[in-house]
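*Asks:* Submitted below is the structure of interest, expressed as structure tokens.
Numbering (the working numbering), first residue to last: 3 to 245.
This is the structure we're talking about:
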């Protein structure tokens, strides 16, 4: 059971943000079993703990946004079972191995494959715009449905009226879909969305967008940045900084 009601956990996060005094920061929080012994199961007298950390945001290379990233697929690292893959936990061993394998081969996050089926990056989701201008993501049955990809899908739905996107779809995505995409992007936490301009050494895109950040990514990125600057909407909550 949770040590506090969800409403109390929410209050603790906001109170910690306010106590930090930071107006531009990243927040991390962990719910643990609390202090224990070296046994496998929680010690009988242990009490669950909730930790909240407010810190300066993670530095990201500006060229990842301006120029895009060269990424690689990873098929040598076992994928998490659905139970662990669809929840936020501290079980990051396979995530770390995925990123290490990717960086050893010139990538950044790595895109995990299950055979020919596309899954996700080490700490991020993957989305593509295909030749029919459909915004597509792998289905979320055995991968995490991240908050950033969820918002990107909502924004992409609004791009249908502008003619940039014809549909927003979730379903099976295979490797050839990525290789043949007009656009690829990585969607990570903290509203980080990076265009992928090459995959496994193959240039992504066609025409004027070949090997460059594409128009759909640019539209989604701009929409997210506008929301961050405005600080209003369903995805925002007020922090009680006080006077």
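All C-beta atoms, glycine included, are put in the ideal place defined by N, C-alpha and C.
Could you say which of 49, 149, 103 lies nearest to residue 88 if we only look at CA atoms?
*Replies:* Residue numbering aside, residue 88 sits at position 86 when the chain shown is read from its first letter. Ranking 49, 149, 103 by Cα distance to residue 88 puts 149 first.
*Asks:* Taking the C-alpha atoms as reference points, what is the distance between residue 43 and residue 90?
*Replies:* Stepping through the chain shown from its first residue, residue 43 is reached at position 41. Stepping through the chain shown from its first residue, residue 90 is reached at position 88. About 20 Å.
*Asks:* Could you give the residue range of the alpha helix (DSSP H) that holds residue 181?
*Replies:* Position 179 of the chain shown, counted from the first residue, corresponds to residue 181. Taken as a continuous stretch (DSSP letters only), the alpha helix (DSSP H) holding residue 181 covers 177–181.
*Asks:* When you compare the CB positions of residue 170 and residue 159, do they come within less than 8 Å of one another, or not?
*Replies:* Here the question's residue 170 lines up with position 168 in the chain shown. Here the question's residue 159 lines up with position 157 in the chain shown. For residue 170 and residue 159, yes; Cβs fall inside 8 Å.
*Asks:* What does a CB cutoff of less than 7 Å around residue 103 pick up in its chain, not counting 5 residues either side in sequence?
*Replies:* Here residue 103 is taken as the residue at index 101 of the chain shown, counted from 1. Here the set comprises 76, 78, 79, 112.
*Asks:* What do you get for residue 62, buried or exposed, if any count of 16 or more other CB atoms within 10 angstroms of its CB means buried?
*Replies:* For this step, residue 62 is matched to residue 60 along the chain shown. Result: exposed.
*Asks:* Tell me whether the stretch 92–103 and the stretch 131–150 touch, counting them as touching only if at least three CB pairs, one residue from each stretch, are closer than 8 Å.
*Replies:* The stretch 92–103 vs the stretch 131–150: no contact.
*Asks:* Under 8 Å between the Cβ atoms of residue 167 and residue 72?
*Replies:* Start at 1 with the first residue of the chain shown, and residue 167 comes out as number 165. Start at 1 with the first residue of the chain shown, and residue 72 comes out as number 70. No, the Cβ-Cβ distance between residue 167 and residue 72 is not below 8 Å.
*Asks:* Just tell me which of 24, 53, 21, 18 has its CA closest to the CA of residue 35.
*Replies:* Position 33 of the chain shown, counted from the start, is the residue given in the question as residue 35. Closest by alpha carbon: 53.
*Asks:* Considering only the beta carbon of each residue, do residue 175 and residue 217 sit closer than 8 Å?
*Replies:* As a position in the chain shown, residue 175 is number 173, starting the count at 1. As a position in the chain shown, residue 217 is number 215, starting the count at 1. Cβ atoms of residue 175 and residue 217: not closer than 8 Å.
*Asks:* In whole angstroms, give me the CA-to-CA distance for residue 188 and residue 45.
*Replies:* Counted from its first residue, the chain shown places residue 188 at position 186. Counted from its first residue, the chain shown places residue 45 at position 43. Distance between the alpha carbons of residue 188 and residue 45 is about 40 Å.
*Asks:* CB residue 154 to CB residue 206, shorter than 8 Å?
*Replies:* Locating residue 154 in the chain shown gives position 152, counting from the first residue. Locating residue 206 in the chain shown gives position 204, counting from the first residue. No, the pair does not count as a contact, with Cβ atoms beyond the cut-off.
*Asks:* Kindly indicate the opening and closing residues of the beta strand (DSSP E) around residue 28.
*Replies:* The residue you call residue 28 lines up with position 26 of the chain shown. First-last of the beta strand (DSSP E) with residue 28: 28–34.
*Asks:* Are there 16 or more other CB atoms within 10 angstroms of the CB of residue 39, so buried, or fewer, so exposed?
*Replies:* In the chain shown, counting from the first residue as 1, residue 39 sits at position 37. Under this definition residue 39 is an exposed residue.
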